[in-house]
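Worksheet for the structure shown next.
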Amino acid sequence: MNSAEAPTPPAESGLPIGFAQVPVILLVDDEPNVLSSLRRLLRPQGYTTLTAPGGEAALDILGAQPVDLIISDMRMPGMSGAQLLTQVRERWPNVLRLLLTGHAEVSSAISAINEGGIYRYITKPWDDAELIKTIQQGLELNGLQREKARLEALTQQQNESLRELNASLEDKVRERTGELQIAHQELTLAMEKLKKNFFTTVQVLSNLIEMRAPALAGHGRRVADISRKLAEKLGVGPELTHEILLAGLLHDIGKIGYPDLLFGKPITKMTGEEANLARKHPLTGAAALMSLPDMRGVAEIIRSHHERWDGQGFPDMLTKDAIPLGARILALANDYDAAQIGLISAKRMNAEEAKAYVLEGSKFRYDPMVAGAFGELVGRVPVKPLLERRLSGADLEIGMVLSRDLYSPDGMLLLATEYVLDDLLIKQIREFEEAFGRRLIVCIRA
């Protein structure tokens, strides 16, 4: 038999922690007066109370609806309270279990506590205040356990969501990283191509000067090469080394406005007016490049590459401490090559004579540190083995790669190293050979 009593309004303190609705308490006793007494006691507490006259009826109620706490008498016909609560523990472990027992049944109650997992036992006759307090404490404990279970489940759910989110983010990061790597590779290739095109442009500008004076053919390239090697020998760093290399190629750009007769004329053979004009070419060359932000360091080197260690150079007569390091390196490299092509004196010097001339000048013309590095470097520059084929225009094929710069017979740069030949370039090379009436030597990677 089952009967339920509607609750009175909950106590002012509200529901116990972990409860979303009024707690349901099942009272089990074979004595109707006991059930009535318990219901009257619990009515003011606001609980929903259900009653059952025995164990079987109580199990039917538990199977039909949720119950939060069960209070069962120990001694009942058919199924004892201990047996009932043991089954409740097995089938509905979250239901809190209290046992009513007489004084003579205390030892049996203790055994039931162990077997049935009973929260507390209460002796008859009970103290109303103590019983209510026990029920309240039990419901609070039950509610805390529920809240703990809810929070653990929520935490597990959130952790799972977080793991899924992390996995999704990792996939997105990997995808984005791949995109960035591709973009970086494309940017790197574009930058390399831009640098190569820029360097080729500088070489073309250098050749414009040399085209006006056959005596200067190759001078800029040789000066740039020895300047670069000196810079590396001195350990000046990649940025300054690159500026020195460019300055070597363009150091004579200020001569672009020279009259034809002045090209290739040693300064010792110039008239006063010609010498004054010649002394202006570092200023002219620097001014031509100063408007380019990335070339200002190069312009500064070009402006000062005729300054001397003793302060007697031009155009500014700088003291040794004021001469840029790049200009000190370029000054020596320029004079070394100029001495061999007759720009220092009427007599062309051979390599050993030019070397002796430069080293002698370390006393007053050049930075002794640069001259010392030059003395160690000249004649002992390691040559890397280069696997290549030397072909004429008729033997070229599409896809071949230049292993060296290609120059015309008069020293003009036609194509830079690493250029990949296509049908149009091969056709232009062959037409160039026909125009010059001679074969070009085209060095191709083997």
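If you read the sequence shown in my numbering, its first letter stands for residue 19, the second for the next number, and so on. Beta carbons: idealized from backbone N, C-alpha and C, even for Gly. For clarity, every value in this text was computed on a predicted model and none was experimentally measured.
| Item | Value |
| --- | --- |
| Helix or strand or just coil, what does DSSP make of Ala38? | coil |
| What separation, rounded to the nearest whole angstrom, lies between the Cα atoms of Trp110 and Thr195? | 53 Å |
| For a test of the three-state rule: what should DSSP assign to Val113, helix, strand or coil? | coil |
| Exposed or buried, Ala356, counting other C-beta atoms within 10 Å across all chains shown (16 or more means buried)? | buried |
| To which residues does DSSP link Thr141 through a beta bridge? | Thr119 |
| Please return the same chain residues whose Cβ sits closer than 6 Å to the Cβ of Arg398, not counting the five positions on each side in sequence. | Interpretation of Arg398 is limited by its pLDDT of 45, a score under 50 that renders its predicted location unreliable; the figure taken from the coordinates is listed afterwards. For Arg398, where only same-chain residues beyond five positions count, there are no Cβ hits under 6 Å. |
| Between Gln83 and Lys166, what straight-line distance do the alpha-carbon atoms span, to the nearest angstrom? | 23 Å |
| By DSSP, does Arg463 sit in helix, in strand, or in coil? | strand |
| Are the region 283-303 and the region 236-243 in contact at 8 Å, needing three or more beta carbon pairs? | no |
| Helix, strand or coil for Leu248, going by three-state DSSP, please let me know. | helix |
| So the candidates are Val419, Thr152, Leu116, Leu77; which of them puts its Cα closest to the Cα of Met97? | Leu77 |
| Per DSSP, which residues does Thr66 bridge with? Please list them. | Val42 |
| Touching or not, the region 303-322 and the region 259-268, by the rule of three or more beta carbon pairs under 8 Å? | yes |
| Give me the Cα-Cα distance between Ala306 and Gly360, rounded to the nearest whole angstrom. | 26 Å |
| Grouping DSSP H, G and I as helix and E and B as strand, with all else coil, what is Ser179? | helix |
| If you compare alpha carbons, which of Tyr276, Gly73, Asp189 is closest to Arg297? | Tyr276 |
| To the nearest angstrom, how far is it from the Cα of Gly331 to the Cα of Gly255? | 26 Å |
| Is Val254 helix, strand or coil by DSSP? | coil |
| So which of Asp334, Leu117, Leu350, Asp353 has the shortest CA-CA distance to Val46? | Leu117 |
| Can you tell which of Lys373, Ala374, Gln358, Tyr375 has its C-alpha closest to the C-alpha of Met367? | Gln358 |
| For Glu325, count neighbouring C-beta atoms within 10 Å of its own C-beta (all shown protein chains included) and say buried if the count is 16 or more, exposed if not. | buried |
| With respect to the beta strand (DSSP E) encompassing Ala79, which residues constitute its N-terminal and C-terminal limits? | First, the residue type needs correcting, since residue 79 is Ile and not Ala in the sequence shown. Careful: Ile79 lies outside any beta strand (DSSP E), inside the alpha helix (DSSP H) at 73-82. |
| Give me the Cα-Cα distance between Gly411 and Ala464, rounded to the nearest whole angstrom. | 16 Å |
| Buried or exposed for Pro400, please, with buried defined as at least 16 other CB atoms from any protein chain shown within 10 angstroms of its CB. | The predicted position of Pro400 is uncertain, since its pLDDT is 43 and thus under 50; a value taken from the coordinates is nonetheless stated next. The residue in question, Pro400, is exposed, as its Cβ has fewer than 16 Cβ neighbours within 10 Å. |
| Quick check: the Cα distance between Met313 and Gly303, rounded to an integer number of angstroms? | 11 Å |
| With a cut-off of 8 Å on the beta carbons, I'd call Leu234 and Phe281 a contact; round off their distance for me. | 7 Å |
| Give me, in chain order, the residues of the same chain whose beta-carbon lies closer than 8 Å to that of Ser309; leave out the 5 immediate sequence neighbours on both sides. | none |
| For Glu415, which three-state DSSP category applies? | coil |
| What is the residue span of the alpha helix (DSSP H) that Ser54 lies within? | 50-60 |
| Which value, in whole angstroms, describes the spacing of the CA atoms of Tyr384 and Glu394? | 15 Å |
| Would you mind sorting Leu187 into buried or exposed? The rule is 16 or more other CB atoms within 10 Å of its CB. | exposed |
| Given Thr152, which residues of its chain have a CB within under 8 Å of its CB, disregarding the five upstream and five downstream residues? | Leu116, Arg138, Ile140 |
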